[in-house]
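Some notes on the structure that comes next.
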Amino acid sequence: MRVELQTAMGALLRLLDTAPNDEFPDLLTGVGQLRSIFQGIDVPLEGIDLAPIARLRSELLRTVVCDDADDARDLLNELAMSYGVTPQLNENSEVEFQAEVRGTAAALAALFVQALMELQTRGWTERIHQCEAVWCWNFFLAAPKSRNQRYCSSTCATRMRSQRRRDREFEEPWTNSESEEDWWAAPRPRLVP
Ligand SMILES: [Zn+2]
1 MRVELQTAMG
11 ALLRLLDTAP
21 NDEFPDLLTG
31 VGQLRSIFQG
41 IDVPLEGIDL
51 APIARLRSEL
61 LRTVVCDDAD
71 DARDLLNELA
81 MSYGVTPQLN
91 ENSEVEFQAE
101 VRGTAAALAA
111 LFVQALMELQ
121 TRGWTERIHQ
131 CEAVWCWNFF
141 LAAPKSRNQR
151 YCSSTCATRM
161 RSQRRRDREF
171 EEPWTNSESE
181 EDWWAAPRPR
191 LVP
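In our numbering, the protein residues as written are 1 to 193.
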């Protein structure tokens, strides 16, 4: 199976978004979800066991969040080996990674290993970010020219901007006055008992 890098990465990041963390439980709960995660990817999903998919997800997560470049490469190579992933030429003479291990998780492993290796060879791995907004742990692929992008979407960016404004106004209520001095000098409403 060969799919566009963007399609494969989209599915990979959606899969990682379902991983449990300190705030969220495991969101991978049914086949219906797998269908939306793996849209555009031709793998059998009907009646499949979620455990091998969850195992693949934690292996992928470990590779993606690894800060050390050498370790990240080792983890990716180990992942490829564990599913027997090897490159093959398909009928269109395109390189297509295939897994010797049978099953949907292995087919997905081959696809994602290929996508992550392609990302490595293009020097794009640092474009994978995790959203820094509170209550959002979404993974996203930052645009090539905005590697410092901190939020997964404009919704998260706007939400965090207004949160920062609220925090600032709470801590420094004079922000909206001319100066801190003016704010202190201004008459205060009297508290009526
Ligand atoms: Zn977000």
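All C-beta atoms in this analysis are idealised placements derived from N, C-alpha and C, irrespective of residue type, glycine included.
Query                                                                                                                                                      : Result
Taking 6 Å as the limit, name every residue whose beta carbon sits nearer than that to some heavy atom of ligand 1, in sequence order.                     : CYS131, ALA133, CYS136, ASN138, TYR151, CYS152, SER153 and CYS156
Find the nearest neighbour of ALA109 within the set TYR151, SER58, GLN130 and PRO144, judged by alpha-carbon distance.                                     : SER58
Locate the beta strand (DSSP E) running through GLN88, then write down its first and last residues.                                                        : 85-89
Under the assumption that ARG62 contacts LEU75 (Cβ atoms under 8 Å), give the Cβ distance between them as a whole number of angstroms.                     : 6 Å
What's the gap between the Cα of THR104 and the Cα of ASP17?                                                                                               : 19 Å
On the premise that VAL113 lies in contact with VAL85, defined as a C-beta separation below 8 Å, what is that separation, rounded to the nearest angstrom? : 5 Å
Using a threshold of 8 Å, state whether the C-beta atoms of GLY40 and VAL3 are closer than that.                                                           : yes
Is it right to say MET81 is buried, meaning 16 or more other beta carbons lie within 10 angstroms of its own, or is it exposed?                            : exposed
Looking at ALA143: is its Cβ nearer than 8 Å to the Cβ of MET9?                                                                                            : no
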